[in-house]
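Report on the structure given below.
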Amino acid sequence: MKALILSGGGSRGAYEAGVLSALAREERFEIVCGTSVGAINGGAVAQGEAERLPDLWRGFVKRKMVRLRPEIDVLVKLWNELRSAMRDPAQDKAAHLWRIIQSLPHLRHAHHLFDVHSLFDGANVRASVEEYANFAALRTTFIVGVTNLSIARGSSFAYFPPERAAEREAFFAIERDANALTAENYADAICASAALSPIFEPLRIRCGDGVTRVFADGGFTNNAPIRQAIDAGATEVTAIFVEPPKSVASEHEISTVAHIAPLVLEANASRMLELDLKLAERINADVLAGVAPGKRYVKLRIIGPEQPLELPFLNFEDIDAIEMLFERGRIDGMRALEAEAV
373 MKALILSGGG SRGAYEAGVL SALAREERFE IVCGTSVGAI NGGAVAQGEA
423 ERLPDLWRGF VKRKMVRLRP EIDVLVKLWN ELRSAMRDPA QDKAAHLWRI
473 IQSLPHLRHA HHLFDVHSLF DGANVRASVE EYANFAALRT TFIVGVTNLS
523 IARGSSFAYF PPERAAEREA FFAIERDANA LTAENYADAI CASAALSPIF
573 EPLRIRCGDG VTRVFADGGF TNNAPIRQAI DAGATEVTAI FVEPPKSVAS
623 EHEISTVAHI APLVLEANAS RMLELDLKLA ERINADVLAG VAPGKRYVKL
673 RIIGPEQPLE LPFLNFEDID AIEMLFERGR IDGMRALEAE AV
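Position one of the sequence shown corresponds to residue 373 (the numbering used here), numbered consecutively onward.
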């Protein structure tokens, strides 16, 4: 069975969507595994609607996916006005002071500041997911990578078509922390997979055992769920990544907490990916050598950019950059198809 692995990467997921737009024309996958923005892209593929990805990403731009929570936004605006009032010439201070006075009533939004669990409001992410998410349209096995904060462990939500009952039973026997993906939790699971803390708030989801648990971005524990694909029965794996090999990694500037969280995730995800690929390659070598009873050979194909994608992790508003990454991904996807045909 052919499996598709879609990693996280924030706004750089536009590149991943471009690759998918090319692959979907020629290839079909029985298993789709996605984490973070890969879960968002993966939902469209698992529903057999990869052609909707360009419109989905244009919708991200229109909706302004990254928006400060009201409790934080009012304080940021007040601080900016105060700083400008102290810095600007005397003739401009009156205007700043007037805007400060006008903003004071809005400080009521800051009342619950210490109760919030994120910097940004995830309502627009939710709206974008709900716009296309249709559980009844799922055509393939779909596995959504998440981090279960309630038990501090990597986990997943998984759906198997009725004809894949044997694979479903085998998967849940191995992945004991996994939850069934259902019509009730479908959108929740995708949003949770993309809830990069502390940027977006984790989600509370009622699990199959009746217990409500807290779930966050799957990239913290498994940004590229190759193992889950193999546990679901994959014999061929195509993994799409939005980061190039670390040998050509670019330097990053650190200025706010919104920059730190994605970079920590990126470093952790890169290391996990490296270990997962090494493990898969070692198992393949052992299978070929006849010293891995119970294991099977898994064909691996990796698709990703040769150079760093020059787009900030949270920049979902630059339509030109998004379109450029999508096209870059489409070209790399076509190259992968051509290489496969040789």
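In this text, a Cβ means the ideal position worked out from N, Cα and C, and glycines have one as well.
Going by other Cβ atoms of all chains shown within 10 Å of its Cβ, with 16 needed for buried, is residue i buried or exposed?
i, result
"Thr519", "buried"
"Val583", "exposed"
"Asp427", "exposed"
"Ile612", "buried"
"Gly662", "exposed"
"Gly666", "exposed"
"Leu697", "buried"
"Ile598", "buried"
"Leu425", "buried"
"Gly705", "buried"
"Ser619", "Bear in mind that the predicted position of Ser619 carries a pLDDT of just 49, short of 50, making it too unreliable to give a figure here."
"Ile602", "buried"
"Arg643", "exposed"
"Glu547", "buried"
"Trp429", "buried"
"Arg384", "buried"
"Ala657", "exposed"
"Ala386", "buried"
To the nearest angstrom, how far is it from the Cα of residue i to the Cα of residue j?
i, j, result
"Tyr504", "Val636", "30 Å"
"Gly676", "Ala606", "20 Å"
"Gly718", "Thr513", "Nothing can be reported for residue 718: it is not among the residues displayed for the chain, which extend from 373 to 714."
"Gly382", "Phe685", "5 Å"
"Arg439", "Ile571", "10 Å"
"Arg525", "Arg585", "12 Å"
"Arg668", "Ala559", "33 Å"
"Pro616", "Pro680", "6 Å"
"Ile674", "Glu502", "30 Å"
"Ile694", "Val391", "13 Å"
"Ala418", "Ala545", "23 Å"
"Ala537", "Lys650", "30 Å"
"Arg654", "Pro574", "35 Å"
"Lys374", "Glu608", "5 Å"
"Ala596", "Arg511", "21 Å"
"Asp690", "Gly415", "23 Å"
"Thr593", "Ser527", "8 Å"
"Thr554", "Ile577", "11 Å"
"Ala499", "Ser393", "22 Å"
"Glu388", "Gly410", "8 Å"
"Glu732", "Ala396", "Any answer about residue 732 is impossible in this case: the structure gives the chain only from 373 up to 714."
"Ala495", "Ala588", "15 Å"
Of the residues the options, which one's Cα is nearest the Cα of residue i?
i, options, result
"Arg580", "Gly605, Asn557, Thr607, Phe492", "The sequence shown places Gly at residue 580, not Arg. Closest by alpha carbon: Asn557."
"Ala564", "Asp603, Arg548, Ala552, Phe529", "Phe529"
"Gly324", "Ile412, Ser408, Pro616", "Outside the displayed range of the chain (373 to 714) lies residue 324, so it cannot be described from this structure."
"Ala552", "Ile523, Arg525, Val516", "Val516"
"Ile377", "Ala394, Asn413, Ala509", "Asn413"
"Ala509", "Asn594, Val609, Tyr531, Ala664", "Tyr531"
"Gly701", "Ile577, Phe544, Val614", "Val614"
"Leu521", "Ala567, Ala542, Ala499, Ser500", "Ala567"
"Leu672", "Ser393, Gly380, Ala708", "Ala708"
"Ser379", "Ala542, Ala604, Asp648, Thr554", "Asp648"
"Ala711", "Ala550, Glu398, Ala389", "Glu398"
"Arg400", "Glu541, Ala652, Thr610, Ala657", "Thr610"
"Ala561", "Ala396, Glu423, Phe507", "Phe507"
"Gln600", "Ala542, Val659, Asn496, Ser569", "Ala542"
"Glu539", "Phe587, Ile632, Ala604", "Ala604"
"Glu678", "Asn687, Ile703, Ala664, Asp692", "Ile703"
"Ile523", "Asp549, Pro534, Glu699", "Asp549"
For the beta strand (DSSP E) that residue i lies in, which residues bound it at each end?
i, result
"Gly526", "525–531"
"Ala588", "584–589"
"Gly354", "The requested residue 354 is not part of the displayed model; the chain covers only 373 to 714."
"Ala389", "Unbroken run through Ala389 is the alpha helix (DSSP H), 385–395; no beta strand (DSSP E)."
"Val518", "513–520"
With respect to the alpha helix (DSSP H) encompassing residue i, which residues constitute its N-terminal and C-terminal limits?
i, result
"Ile598", "598–603"
"Val438", "Here Val438 belongs to no alpha helix (DSSP H), and DSSP marks it neither H nor E."
"Ile562", "558–565"
"Ile571", "Neither: Ile571 is in no alpha helix (DSSP H) and is coded neither H nor E."
I'd like to confirm something about residue i: is its beta-carbon nearer than 6 Å to some heavy atom of the ligand MG, or not?
i, result
"Ser522", "As for the ligand MG, it is missing from this structure, which has no ligand bound."
Segment contact flag, the stretch 392–410 with the stretch 431–438, C-beta cutoff 8 Å, min 3 pairs: no
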